[in-house]
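Each residue of the sequence shown is one higher than the last, beginning at 30 in the working numbering. Below is one structure, written out as structure tokens; comments come after it.
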Amino acid sequence: MKVITIQNLTRPLEHPLRAKYCNRFACQFRGLMFRRSLLPDEGLLLVQSRENRLESAIHTLFMFIDLAVVWIDSAQRVVDVKLARRWHPLYMPQSPASAVLELPAYWLHEFKIGDQLQFDDET
């Protein structure tokens with residue numbers, strides 16, 4: 030699976046994040062369900078085929094950890110940020126998004142609506 034690095038250009042991170050790039054149904058369906066923990070800089074980027082609210086909605090059923098969730102539009106700008114508690118049926122962004130970044134919960138305060146992000150392929 031492809032891994033990318035993510036930088037916040039608006040509020041630079043001390044260390045870039047690494048996220049698995051997930052654009053296939055099976056990968057998105059599985060997501061982070063049943064994971065008991067994540068590495069400190071580990072995340073999952075769920076990439077949608079188009080930008081909208083419903084397709085970028087997530088659930089945290091079968092999750093054993095809380096997540097920081099960052100919704101991102103096609104211009105790689107943050108459109109919403111939420112703390113997603115485990116075993117919650119639905120989280121939907123306030124604005125259309127084309128990608129969802131799921132991270133350990135303590136990353137929540139590193140992202141704000143309007144932040145410009147940059148994705149780079151890892152080599």
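Beta carbons: idealized from backbone N, C-alpha and C, even for Gly. Model, not experiment: these values are computed from the prediction.
Legend entry - Whole-number beta carbon distance between residue 139 and residue 37, since they are thought to touch under 8 Å: Start at 1 with the first residue of the sequence shown, and residue 37 comes out as number 8. Start at 1 with the first residue of the sequence shown, and residue 139 comes out as number 110. Indeed, because the Cβ distance is near 7 Å, the residues count as touching under 8 Å.
Inset, instruction - Taking only the alpha-carbon atoms, compute the straight-line gap between residue 67 and residue 47 and give it to the nearest angstrom. - result: Taking the first residue of the sequence shown as 1, we reach residue 67 at position 38. Taking the first residue of the sequence shown as 1, we reach residue 47 at position 18. Those two C-alpha atoms are separated by around 11 Å.
Inset, instruction - Take residue 123 and list the residues in its own chain whose beta-carbon comes closer than 6 Å to its own, dropping the five residues that flank it on each side. - result: Here residue 123 refers to the residue found at position 94 of the sequence shown. Contacts found: 109.
Legend entry - Beta-carbon proximity of residue 101 to residue 134, cut-off 8 Å: Residue 101 sits at position 72 when you count from the first residue of the sequence shown. Residue 134 sits at position 105 when you count from the first residue of the sequence shown. Contact flag unset, no.
Inset, instruction - Taking residue 50 as part of the beta strand (DSSP E), name the residues at either end of that continuous run. - result: Locating residue 50 in the sequence shown gives position 21, where the first residue counts as 1. Note, residue 50: beta strand (DSSP E), 46-51.
Inset, instruction - Report yes if the C-beta distance between residue 35 and residue 112 is below 8 Å; otherwise report no. - result: Mapped onto the sequence shown, residue 35 falls at position 6. Mapped onto the sequence shown, residue 112 falls at position 83. No; because the gap between Cβ atoms is not below 8 Å, this pair is not in contact.
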